[in-house]
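Just so you know, full-length UniProt numbering puts 42 at position 42 of the sequence shown, and the rest follows in order with no gaps. Presented below is the structure to which this report refers.
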Amino acid sequence: MYTPVLNPRISPDGGHVLYTTGEHLMLVDIADWNGAAAWGSAADWRDEPAGDAQDGVFVAADIDEASISEGLFTADDAADTTIDATDTAATDATDAAGAAATNAAANPATNAATDDRITAIYGVSVEDEDGNPAENTWKIGLAEFVAGEEMDRYDGFWWGPDSRHILFESFDTADEPSWYISDPANPEHPADGRRYPRALTTNADVYLTLIEVDYDDDDRYAGIVANNDVDWDRESYEYVAAVSWSSGHDPLVLVQNRRQTRDQVLLVATGSATDAGSSAAAGSTRVLEEHANDQWIDLIHGTPAFTPDGRLVCSLNDMETDTNRLTVDGRAFTPTGWQVREVLDVTDADVLCVVQRTPELAGDLPGEWAVSGGLGVGESQVADDARVADDAQNGRNTHDAHDARSFDVVSFGFDGTITPITIEPGNWTASRGTRGLVVSGRDMAHARSRMWHITDVCTDGHCNNGHCTDGHCADGHCADDDDEPTAAHCVSHDVSRDESDCGNSCACGGHDNGCRRTAANRF
């Protein structure tokens, strides 16, 4: 029951892990390893008797997998907690098939080595008319084939920012055609059946469910306190293309029609604190934007998304300018000729993207790119001069390569500014946090991958841990109120932060207010 462990995700508060086995959603309560209960250590795992391990998980002596499994689907439990994973219109069909998504809060198992606790909180089960196990065409917590294969959506559940709400997918493949695949290495075995939605055949029947879980005083799972189907026009928009759930907001769901020529951006009501001024029932949806394209709607990963202050960022297939662009509250703000391929991060000031540039549409290069050769992120001018000389000797102009061949990381400000993050043409991506970002990928001249950890350096803010709390950080020194240099407690502009000198780092509120970028920890 515990395995396979698929797509584990840590809750935003860091206290829980949710994963799916395909048939069960499993919630792990992470023990307080700094507390007295966490007597285990890495060495303890090796000391556990092999006989106490079940499916690779150590459980307490008074609990075994059989009792847990029986607890999930006893008649009493089914009568009390079985909930159809369907909307009202499909309930009869689901009942006839004998399939139900089950609120499977059974006796949890406790990890004897670490005091972590694991509970099956939801499951799917299929029985035939006689109550015997039948082919289970239902899955829970996974993306169906079309979503993964065609839309690159691989997640099937999403934590809410409060770590109490969970949105998950369940789907039924019963109406999909079956393919039978033989095993040449074992010709005596019968062919193995697989459900596969060929073109022009029926797709999986997809549902979304919103639950709210409760925790006890020890921050351990204590049950499901709210359970709601997510309601939308599933007949007209059968594809769930994307889900986004950011702090301070309800989840966004992007749904598409079968031809992928129309889509809707839906806001799902959760009934949480973010809905304080709304009377919408939990699980109900509201259409925020609709898009249409007679040819095809290109999906741009990372959209739709909310800015922290609540503006809606969506993708736009702009046919008039032949450009995949971004909009904020319906207004296009990324320039013509800059093909947005993925949204990496959204703030109130900008959107960090992976882009490909169409030179004949995009106009002049940004200043950072308009030089022969290119400064790789965070490299020294000496390295840049050497590369420029090498490029000149070999007749290369790397700025000419900022076109469809290059996947560049760029910041687009909502005010129209364009700030390249990567300078060398290549295949790049990035991950941005509150104090900097990590850029990784490769350029066009080298086969090896490269990575930079780029930190935000504070030159006009305050240092943590009691250093430079009243003055400014500059060139590795702190200046007090009298502008007298003191000990070198702050980071230099061109070197990585020294934990022993500056503690946590300089505390800045963003990329302005005196913050500068410096690259460190190059790999």
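Where a beta carbon is used, it is the ideal one built from N, C-alpha and C, also for glycine.
Expected contact under 8 Å - CB spacing of residue i and residue j to nearest Å
i: D443; j: G426; result: 4 Å
i: residue 524; j: G283; result: Look at the range of the chain in this structure, 1 to 523, and you will see that residue 524 is not part of it.
i: V409; j: L326; result: With a Cβ gap of about 15 Å, V409 and L326 do not count as contacting.
i: I300; j: V240; result: So it is not a contact: roughly 16 Å between Cβ atoms.
i: V255; j: L266; result: 6 Å
i: A292; j: T261; result: 6 Å
i: D350; j: S406; result: The pair is not a contact, with the Cβ atoms about 20 Å apart (cut-off 8 Å).
i: Q428; j: T419; result: Just to set this straight, residue 428 is Trp in the shown sequence, not Gln. Their Cβ separation, rounded to whole angstroms, is 14 Å, which puts W428 and T419 out of contact at 8 Å.
i: S246; j: Y207; result: Not really, about 23 Å apart at Cβ, beyond 8 Å.
Closest residue to residue i among the options (Cα-Cα distance)
i: I211; options: D309, N227, T347 and A199; result: N227
i: D329; options: Q339, D29, Y122 and T303; result: T303
i: I118; options: D219, Y2 and M151; result: Y2
i: S178; options: R198, M151 and N186; result: R198
i: S236; options: W338, S246, D216 and D205; result: D205
i: T336; options: I297, T417 and G367; result: T417
i: R331; options: R311, E320 and D348; result: R311
i: L288; options: L252, D298, R259 and L316; result: L252
i: residue 528; options: D32, S315, D309 and I297; result: Coverage of the chain is limited to positions 1 through 523, which leaves residue 528 absent and any answer about it impossible.
i: D348; options: D309, E129, Y122 and G363; result: D309
i: D155; options: H165, R194, D130 and S244; result: S244
i: Y221; options: L437, G15, T434 and S247; result: G15
i: D229; options: D218, T321, D217 and G271; result: G271
i: D217; options: I454, A430 and D29; result: D29
i: D32; options: R194, D130, D219 and G131; result: D219
i: T259; options: S247, V225, N203 and R435; result: Just to set this straight, residue 259 is Arg in the shown sequence, not Thr. Of the candidates S247, V225, N203 and R435, the one whose C-alpha sits nearest the C-alpha of R259 is N203.
i: A165; options: R194, G248 and H189; result: Correcting the residue type first, residue 165 is His in the shown sequence and not Ala. For the residues R194, G248 and H189, the minimum Cα distance to H165 belongs to G248.
i: R9; options: Y207, T434, K139 and P161; result: P161
Environment of residue i [buried if 16+ CB atoms lie within 10 Å]
i: M26; result: buried
i: D115; result: buried
i: H446; result: exposed
i: D233; result: exposed
i: V124; result: buried
i: R432; result: buried
i: E23; result: buried
i: L200; result: exposed
i: Q295; result: exposed
i: N324; result: buried
i: A120; result: buried
i: E144; result: buried
i: A185; result: exposed
i: T455; result: buried
i: G436; result: buried
Beta-carbon contacts of residue i that lie in its chain and below 6 Å, excluding the five residues immediately before and after
i: F333; result: F414
i: A147; result: R153
i: V346; result: A305, T307 and V313
i: F168; result: G141, F157 and T209
i: D192; result: I181
i: D13; result: S163
i: A434; result: In the sequence under discussion, the amino acid at residue 434 is Thr, which differs from the Ala named in the question. Cβ within range, chain order: n/a, list empty.
Close-in-space but distant-in-sequence residues of the same chain around residue i (CB under 7 Å, 5 per side omitted)
i: H402; result: R357, L365, W369, D408 and P425
i: P359; result: D403
i: V355; result: W338, Q339, V340, R341, D408 and V410
i: A430; result: L344, L352, V409, I421, L437, V438 and V439
i: G510; result: With a pLDDT of 36 at G510, under the threshold of 50, the modelled position of that residue is not reliable, and the figure given next carries that caveat. Closer than 7 Å at the Cβ level, and outside the excluded window around G510, lies no residue.
Cβ-based neighbour list, residue i, same chain, cut-off 8 Å, excluding 5 preceding and 5 following
i: A269; result: D250, D275, S278, A280, A281, A282, G283, S284, T285 and R286
i: S11; result: V17, L18, W159 and S163
i: L6; result: Y19, T20, T21, G22, G141 and L142
i: N257; result: S236, Y237, E238, Y239 and D263
i: Y196; result: F145, E176, P177, S178 and W179
i: R448; result: R442
i: L316; result: H291, N324, R325, L326, T327 and A332
i: D130; result: none
i: D322; result: T358 and L361
i: P187; result: none
Any non-hydrogen atom of the ligand ZN closer than 6 Å to residue i Cβ
i: N427; result: This structure does not include the ligand ZN; it has no bound ligands of any sort.
Cβ pair count under 8 Å reaching 3, the region 168–177 against the region 128–148: yes
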